[in-house]
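*Asks:* Chains as they are written, first to last, in the working numbering: chain A, 1 to 424; chain B, 1001 to 1424; chain C, 2001 to 2424; chain D, 3001 to 3424.
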């Protein structure tokens, strides 16, 4: 990879863009010599605001980075080394439907899993494949770093149906690994943690210190620590003997979680929609020359960090161990080779290669397999536009499963999103 | 195996015994020359009634088969070629608890899966291992044919923790294969059907005729046939593109099934208890010299047929293909080698060897893996008397899963059954 | 697939072409309605002779099939439903080198395996990928039926590095299955045979009759039959408890086979070169209007039969079970998913899907794995033009293995073929 | 495990015993509080000499360890926590046959692999199973640490056919890992190395430093270092891109190695026999109160070190990562679960659990699979006393393979060792 890295951001009208730009500004050039950032989006208004802010941020920081922007994906991709995809097909309105319709059936409404996650995938996969094919034609050597949700399903679809170097990123598990590193390192020098699972159903299941495994005792020590035990992920660890992402709570407390979400005054989509109104106003203000303060409330932070950690490992060919979504290729026992898993990978010039994992611990093996079947069926349903496969996806999902609910729910959601699927 | 086969029935006080005796009487001696039948049970009253009836049935049929009976397992096992295990630890009273307590939590009450099946396994595994160890000492070459429920879990426990030749039998899937043979053979000559799954979660997933696969078209043809489509298993096949055992209905219609069972006037345990009262009265009557008529109402028939089909294949070393519960040994992709699956096996003098199956079809892969994790965790929970593992078993079960229900439900059930498990 | 099938033969100047044409003439139109045959080759003289003969054969038979020919692959491929590839890069002169150079080092000289097979693959893979890419552009829906040797390695290279529907054919194992069918059917009705292994290292390892396995007894019966035991494949079966392709003799009698080949007056390449001279003279003669008689001496017959058997199964979507070379996809335990194996597949409109096989029998498991490692390393060596990988390929091959021979042998062969590989 | 550890040494008449005793004397008591050492052997003379020396060594060192000795295995085993097995069935005379007979056929003579290793296994497996069964009856909780050769095959036989906690040890690969640690640590801090393969066919295939993989660059650096490149294992690494045990030379230089061994004036058995004469004379001398100096010439040192490293990890429940021979259990892709591999394990109170490894690198995958098939077939041949299986074992071995040599060689060796095997 030559000097003078070019990055193309697809979906640059997203409210995450200022965080990306801030991270780019703060990167030591030696680690990753970025010389050009291209911004593109299907929404010209949002793209315009974010482009203006990006330019002001770079200028204010005194960096020599060229910002280019435009609506034509093909033009923006030309010569890109990395492509960041962060699109949201249907916008917040579609998210609102994904979050609210399932609740009517007593099922969790969520944009990354369950019926909501499935519908988000069904409308996003065709758009992502379209983008991927354009990357293949214009910049075939580029790495695509995806954090469009549901990240694992999107990664599986693109890796199966387009011949591309795409990695699925998520800040969730890396954040937990960092939290464990901070809590455990004083007691356990030279800490290493290994992970197994799927996006938003991941687990830190093995902890090593100085060439020996300490998982059991480290978990006991964490659960005995009041401060640690107050975090969701450590509280949940006592049930599964591994530190899970806090999304596991949706499964372990499925009844009470639905009640909780039902009783919220607003869906998450509505909250964010309001927040984004203020955010874009602040971003559009010519006086704003750094990351808008309001962004801290947006949630989902840390993405920019993991994105550039991965980029640096690829550019520097370092072989660093990072948790990424990739095709399984034998890493996790019992999962198809081309099904995507979220595990520790060595990341270098060839991309991300999963470290061998072995068997999924029994304590959560059934959950992971059930959600994996749902994910792979969702990919196939999107490709074949098949209601039969979408129904099977929900039949396998631990939080759905009941055909008597699936039939009407699926019909309502497909119709609400204007998705025309065949019965077969 | 020499001539003059000796069969030992453990749990011979069961109401299934007359069916076994009738089958033995009807067997052509050339196929299986049975010369001795040993009956044993922990309940002397029920054993006495069944022994008397068995003697009268054999005498009436004019067969030269010696019937022996006694309470001492060790004595009855001596020299046995086959051991049939059909025990029920705790009797109908325990079954009543398994069926009724879960309903209070809105969860299915069932003696072969879910919280009920788990509790049945927890109390039955120690008893079965005790029997297995006695067989190992007294008749190490004997084959054990088990149809104590939950048959798959019991088989997994005994195969893992005692070094014995045990096969887990169930008449469910073989009955469906026979039904398909009758329906399809006129149209599809030289029919073969292959199966995948677990006990009470099995599927006929591939159909061959004359060296070619016809699964897809045969299923369409069956679903278009009014008579066939009226059966549970063919009706359900349209959702999963394979012919399932009808227990799949518990998963696919989980909400309505719980409502249905809740609204029944009696649990299944209560129904059978009443029925057995009449049955034992009839059996005890010296005028009864054939299988009591009332047995037809008992359900669960066909066991005797499959039992002797397997025995004949072992004795004759025929290599016949029969669906049996055995350790997976690589047959089904993604399942542990020592976890038990229910698949087509070649059965001969060495026992049952599973035919290779390959991947579980995606349409029901998540369900099978989730139930398999529940099963293996149940075995471990029984061996370690561990509440933590029992909780994890239910966390993985598709019909349970919610920790907020599992905690109180598990405590209530363990207490009701007098099972003292450690928290760890 | 529509009516009026178009077949394109690549390498149509081959002496196998008359056999293909004869088979096309004899096909019942109902099974496969071929309306057009396209012939192409890089050698215009041989192509001209074969085109003339093909036209006379079709006309003489009174068939309405259009024969077209030309040197431009792209033109000939347009609209093709099936593409048959039967090329020989370097011609008989290259084959002579592959067969004679290894003998100087005391190693078998052979065009389908060992150093000779490797060199044939190294020069053929780039040519086949070039053809595959053209098919992808011009006729992406076409099936490629390959019998360019080494068929397994070529198939693996094309399936890994081009996104195409290619099946690797070989008449060897299907011929043995047919031989077994004829010998065993009188005694064993409704015979089915299953196979495992690689191209030219295949084994019929399981024999079924009427829903039961009879492998052991059938093998004993065949070996007791004087006529059967006189065939190479049945004679060899006593050592490995499976019926192998006779190429296994190269491994089991490695010392004496090298001596035998060394002492032959001519290499196989020289024999065939002389034979082809006569054959092309006969083919060019306008009086020749049927398959030349001299072709019977050519060897390697039966290819045309298996080719059209496969075509009929694809066209008719029959799901027929045929032994074909395909990516393993989990069929054989312990082999990579994308490594090619030769096993029984169901063949239909989607191509060839391997039936699950399970473990390779221990009797020959080491041989198969060693040759598979050699094959996959050969593919990688060809793609990277790497001497290091070519050396590793031969290190793994059971008939080579000795580094002190590999170094000079490899240098001599690469130089003789004009292949410029890097040291890395 | 309680305080006051008891160790039983089976085959204590071995010349390795003084090294064990020296290591015991030097152990800090806190790490492993050994209070009793039991010595037993079938040869009373050798046992007597070693017992006397052991008592003098312990007394001289001023340690409070009770030495007990006697010929009765059952008595010596009673209460043992660890059992060390280091037997040599047939003594040096049998080893001489294993080393000399194959050479007559142009095949390597070697006591750990090939025909020699096979014959050593065939006569040792029944003896080891007998010992294992006695351990099972008298001290079922004891760990057996085996370094009877061929260590991998012996481990596989005992783990498959006796239900025991046995670990197969070998100092070879741990010694190479230590060598790499010393050479690489200055440049690569926090070094971790991972291994794959079989006993005497092992490879250090992955090297990590500070959470990133550095295998490729570390190997290049080692090969550029004159001193390192002079060692066998690093010299060989350039051919297979991993650091192998030097036994790989037997495979890579198979021709020249046979010539070299043929031309030696004495077999290894004869060399050691002479050396042991002097050694036992020195050991029997009452003035000898420390490890005899002559032992340094014996070779095979380091065993005692690895033995107590493993014991300390088990006793202290530390989870330390140590390379050990254990059943594969899914660690290495493509190897049977119950076949034994030599890989890095975490060692703790439960024994040794292999870390997941994933695929065997292609560069030596064929060799490892071929030798593994040979090993598993050797175990089965020993259990069934079957010539057919012994022949198949040698057919799969990369250094044998030729049936025309195997038949006479096998007959001669079985006869020389007085082993009566059936033809089947």
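Here a beta-carbon is modelled for each residue, glycine too, at the ideal position from N, C-alpha and C.
#1: Below 8 Å, how does it come out for the stretch 3212-3223 of chain D and the stretch 3350-3361 of chain D: are there three or more Cβ pairs, yes or no?
#2: Nearest CA to the CA of residue 1238 (chain B): which residue from A:8, A:41 and A:395?
#3: Just the chain B side, please: which residues come within less than 9 Å of residue 3337 (chain D) by C-beta, in chain order?
#4: Please say whether residue 3150 (chain D) and residue 3113 (chain D) have beta carbons closer to each other than 9 Å?
#5: Pull up the CB-CB distance for residue 3146 (chain D) and residue 3154 (chain D), whole angstroms please, since I reckon it's below 8 Å.
#6: Which same chain residues, not among the five before or five after residue 1120 (chain B), have their C-beta less than 7 Å away from its C-beta?
#7: Looking at the C-beta of residue 317 (chain A), does it have a partner C-beta in chain C at a distance below 9 Å?
#8: Return the residues of the stretch 2372-2397 of chain C that lie within a Cβ-Cβ distance of less than 8 Å from chain D, sorted by chain order.
#9: List, in order along the chain, the chain D residues whose C-beta lies closer than 9 Å to that of residue 2402 (chain C)?
#10: Would you call residue 2369 (chain C) buried or exposed, if buried means 16 or more other Cβ atoms sit within 10 Å of its Cβ?
#11: With three or more beta-carbon pairs closer than 8 Å as the criterion, would you say the stretch 2286-2296 of chain C touches the stretch 2009-2021 of chain C?
#12: Give the interface partners of residue 1325 (chain B) over in chain D, defined as CB-CB distance under 8 Å, in chain order.
#13: Rank A:307, A:235 and A:259 by C-alpha distance to the C-alpha of residue 248 (chain A) and give the top, closest one.
#14: In its own chain, which residues sit with a C-beta less than 6 Å from the C-beta of residue 103 (chain A), not counting the 5 before and 5 after it?
#15: Can you tell me whether residue 105 (chain A) sits near the ligand PLP, meaning its C-beta is under 8 Å from at least one heavy atom of the ligand?
#16: Using 8 Å for Cβ pairs, my map puts residue 1324 (chain B) next to residue 1168 (chain B). What's the rounded Cβ distance?
#17: Let me see if you follow: with CB-CB separation under 9 Å, is residue 159 (chain A) close to chain D or not?
#18: Give the DSSP-derived three-state secondary structure of residue 3069 (chain D) in the structure shown.
#19: Hey, does residue 346 (chain A) have any beta-carbon neighbour from chain D nearer than 9 Å?
#20: Using only the alpha-carbon positions, how far apart do residue 2115 (chain C) and residue 2410 (chain C) sit?
#21: Nearest CA to the CA of residue 2093 (chain C): which residue from C:2418, C:2201 and C:2384?
#22: Chain D partners of residue 186 (chain A), CB-CB under 9 Å?
#23: For the beta strand (DSSP E) holding residue 2167 (chain C), just list the boundary residues, first then last.
#24: Would you identify the three-state DSSP class for residue 1009 (chain B), choosing helix, strand or coil?
#25: Any C-beta of chain A sitting closer than 9 Å to the C-beta of residue 1205 (chain B)?
#26: Would the stretch 241-261 of chain A and the stretch 372-387 of chain A be scored as touching if the rule is three or more Cβ pairs under 8 Å?
#27: Between which residues of its own chain and residue 1100 (chain B) is the CB-CB distance below 7 Å, once the five residues before and five after are set aside?
#28: From the DSSP output, which residues share a beta bridge with residue 1119 (chain B)?
#29: Please return the same chain residues whose Cβ sits closer than 6 Å to the Cβ of residue 2084 (chain C), not counting the five positions on each side in sequence.
#30: Opposite residue 2206 (chain C) in the DSSP bridges: which residues?
#31: Going by C-alpha to C-alpha distance, which of A:28, A:388 and A:244 sits closest to residue 423 (chain A)?
#32: Less than 9 Å separating the beta-carbons of residue 2347 (chain C) and residue 2321 (chain C)?
#33: Can you give me, in chain order, the residues of the stretch 193-219 of chain A that have a beta carbon less than 7 Å from any beta carbon in chain D?
#34: Who are the Cβ neighbours of residue 2290 (chain C) in its own chain at under 8 Å, not counting the five residues just before and after it?
#35: Mapping DSSP to helix, strand and coil, what is residue 186 (chain A)?
#36: Going by beta carbon distance, what residues of the same chain come within less than 6 Å of residue 73 (chain A), once the five residues before and after it are set aside?
*Replies:* Here's the rundown:
#1: Segments in contact, no.
#2: In the second chain, residue 1238 (chain B) corresponds to position 238, counting from 1. Scanning A:8, A:41 and A:395 for the CA closest to the CA of residue 1238 (chain B) turns up A:395.
#3: Working through the fourth chain from its first residue, we reach residue 3337 (chain D) at position 337. Chain B residues near residue 3337 (chain D): 1329, 1330, 1336, 1337 and 1338.
#4: Within the fourth chain, numbered from 1, the residue matching residue 3113 (chain D) stands at position 113. Within the fourth chain, numbered from 1, the residue matching residue 3150 (chain D) stands at position 150. Yes. Within cutoff.
#5: Working through the fourth chain from its first residue, we reach residue 3146 (chain D) at position 146. Working through the fourth chain from its first residue, we reach residue 3154 (chain D) at position 154. So it is a contact: roughly 6 Å between Cβ atoms.
#6: Position 120 of the second chain, counted from the start, is the residue given in the question as residue 1120 (chain B). So the qualifying residues of the chain are 1098, 1111, 1149 and 1150.
#7: Here residue 317 (chain A) refers to the residue found at position 317 of the first chain. Taking 9 Å as the CB threshold, residue 317 (chain A) stays off the interface with chain C.
#8: Look at the stretch 2372-2397 of chain C: the residues with a C-beta under 8 Å from a C-beta of chain D are 2372, 2373, 2374, 2376, 2377, 2380, 2391, 2392, 2395, 2396 and 2397.
#9: Taking the third chain and counting its residues from 1, one reaches residue 2402 (chain C) at position 402. Per Cβ cutoff of 9 Å: 3251, 3252, 3253, 3254, 3255 and 3256.
#10: The residue given as residue 2369 (chain C) occupies position 369 in the third chain. Classified as buried, residue 2369 (chain C) has 16 or more neighbouring CB atoms from the shown chains inside 10 Å of its CB.
#11: Contact holds: three or more Cβ-Cβ distances are below 8 Å.
#12: The sequence position of residue 1325 (chain B) within the second chain is 325, counting from 1. Those do not exist, as residue 1325 (chain B) stays about 19 Å from chain D at its closest Cβ, beyond 8 Å.
#13: Here residue 248 (chain A) refers to the residue found at position 248 when the first chain is read from its first residue. Proximity to residue 248 (chain A) across A:307, A:235 and A:259 peaks at A:235, based on C-alpha coordinates.
#14: By 1-based counting over the first chain, the position of residue 103 (chain A) is 103. Excluding residues within five positions, the ones whose Cβ falls inside 6 Å are 109 and 262.
#15: With respect to small molecules bound, the structure shown includes none, and the ligand PLP cannot be examined in it.
#16: Within the second chain, numbered from 1, the residue matching residue 1324 (chain B) stands at position 324. Within the second chain, numbered from 1, the residue matching residue 1168 (chain B) stands at position 168. Yes, they are in contact, since the Cβ atoms of residue 1324 (chain B) and residue 1168 (chain B) sit about 7 Å apart, within 8 Å.
#17: The residue labelled residue 159 (chain A) in the question sits at position 159 within the first chain. For residue 159 (chain A), the answer is no, since every Cβ of chain D falls outside 9 Å of its Cβ.
#18: Taking the first residue of the fourth chain as 1, we reach residue 3069 (chain D) at position 69. In this structure, residue 3069 (chain D) counts as strand in the three-state DSSP scheme.
#19: Counting from 1 along the first chain, the entry for residue 346 (chain A) is found at position 346. Proximity of residue 346 (chain A) to chain D, defined by a Cβ-Cβ separation below 9 Å, is satisfied.
#20: As a first step, residue 2115 (chain C) is located in the third chain; it is residue number 115 there, counting from the start. As a first step, residue 2410 (chain C) is located in the third chain; it is residue number 410 there, counting from the start. Rounded to the nearest whole angstrom, the CA to CA distance from residue 2115 (chain C) to residue 2410 (chain C) is 8 Å.
#21: For the purposes of this step, residue 2093 (chain C) is identified with residue 93 of the third chain, where counting begins at 1. Comparing Cα-Cα distances from residue 2093 (chain C) to each of C:2418, C:2201 and C:2384, the minimum goes to C:2418.
#22: Indexing the first chain from 1 puts residue 186 (chain A) at position 186. Those within 9 Å of residue 186 (chain A) in chain D number zero; the least Cβ separation is about 17 Å.
#23: For the purposes of this step, residue 2167 (chain C) is taken as the residue at position 167 of the third chain. Start and end: 2165-2168.
#24: Taking the second chain and counting its residues from 1, one reaches residue 1009 (chain B) at position 9. Here residue 1009 (chain B) sits in strand by DSSP.
#25: If you number the second chain from 1, residue 1205 (chain B) lands on position 205. Between residue 1205 (chain B) and chain A, the shortest Cβ-Cβ separation is not below 9 Å.
#26: Note that the stretch 241-261 of chain A does not touch the stretch 372-387 of chain A; fewer than 3 beta-carbon pairs, one per stretch, sit closer than 8 Å.
#27: On the second chain, residue 1100 (chain B) is found 100 positions in, with the first residue counted as 1. Result list for residue 1100 (chain B): 1109 and 1267, in chain order.
#28: For the purposes of this step, residue 1119 (chain B) is taken as residue 119 along the second chain, with counting starting at 1. Residue pairing by DSSP places residue 1119 (chain B) in no beta bridge whatsoever.
#29: Within the third chain, residue 2084 (chain C) is the residue found at index 84, counting from 1. These residues qualify, in order along the chain: 2009 and 2145.
#30: Locating residue 2206 (chain C) in the third chain gives position 206, where the first residue counts as 1. C:2194, per the DSSP bridge assignment.
#31: Here residue 423 (chain A) refers to the residue found at position 423 of the first chain. Minimum Cα distance to residue 423 (chain A) is reached at A:388.
#32: Against the third chain, residue 2347 (chain C) aligns to sequence position 347. Against the third chain, residue 2321 (chain C) aligns to sequence position 321. Against a cut-off of 9 Å, the Cβ pair of residue 2321 (chain C) and residue 2347 (chain C) comes out as a contact.
#33: Listed by position along the chain: 211, 212, 213 and 214.
#34: On the third chain, position 290 is the one that residue 2290 (chain C) refers to. Around residue 2290 (chain C): 2022, 2057 and 2060.
#35: The residue labelled residue 186 (chain A) in the question sits at position 186 within the first chain. Residue state, collapsed to three classes: coil.
#36: By 1-based counting over the first chain, the position of residue 73 (chain A) is 73. Only 40 and 134 meet the Cβ criterion.
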